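Scroll down for the structure; my scribbles are underneath it.
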């Protein structure tokens, strides 16, 4: 990374989860402190980079599912640093009128997101917000103020590989509940999350080491049970195959899958009525 690029308020004293994830996906928007942590993470969990790629592939499949259901708008919470396969890129490969608002509180993620969208040259259809996803009403109002999203039409809300950095005491459950309430009927919610439920043997030991290691980063991780993860969907109808390891969620025919159970994902649909 070019030092001249550094946005204000970037913390280079501790590794940052958005920049570490960028490193795991092969990106360049990271610094030595992030790469060093990433290498330690791979030592603790040898398939960490493969799991990051598997989670990214789940994101793409979930977006394509929502497109197949007629959803054209996306609100991506904790979107991270843009790397290949962003939400708007997946959508633009299939439709011409997709719309996406990205939300992140990491300055590098926001700066890179804005650069990427400027290069795309279509500011009317996509936007990036520098905000904390836990401020649901503020984020919602800011997202609508961009003019990108129509609140009266279904929106796909995403929180992919982010909620496990936010313990319940931060108010994250209430925030996700508020987003669900604000979404129009027919909207979708895409979630992936780390868990120890159903994880055994070496993988369980490794995920616990990784969670422990995360205490040295800017956002220590928490592992929730499958029931705790399912509660984020509220009364949304979770579509088949349910909340499953990300590699097992509607895999593409013939595609290699990541045989790990420690990160699960699912997609829910909002039934009729605003309160869900």
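Residue numbers (our numbering): 937 to 1212. Glycine is no exception: its CB is placed at the ideal position from the N, C-alpha and C atoms. Every value quoted in this text rests on a predicted model; they were computed, and no experiment measured them.
- Going by C-alpha positions, residue 1044 is about 20 Å away from residue 1078.
- Note on geometry: alpha-carbon atoms of residue 1061 and residue 1036 lie some 7 Å from one another.
- Around residue 1115, the same chain offers 1072 and 1093 as residues with beta carbons nearer than 6 Å, after the five sequence neighbours per side are excluded.
- Shown here, residue 1066 sits in a strand according to DSSP, grouped into three states.
- As the crow flies, the alpha-carbon of residue 1201 is around 5 Å from that of residue 1127.
- In the three-state DSSP reduction, residue 951 falls in the coil class, being neither helix nor strand.
- The three-state secondary structure of residue 1097, taken from DSSP, is coil.
- Beta-bridge partners of residue 1038 (DSSP): 1012 and 1064.
- Residue 1075 places its beta carbon 7 Å or farther from that of residue 1064.
- Counting along the chain, residue 1128 sits inside the beta strand (DSSP E) bounded by residues 1124-1130.
- Around the CB of residue 1150, 16 or more other CB atoms lie within 10 Å, so the residue is classed as buried.
- Between the alpha carbons of residue 1024 and residue 1205 lies a distance of about 20 Å.
- Taking the CA atoms as reference points, residue 1068 sits about 25 Å from residue 993.
- Residue 1000: member of the alpha helix (DSSP H) spanning 984-1004, first to last residue.
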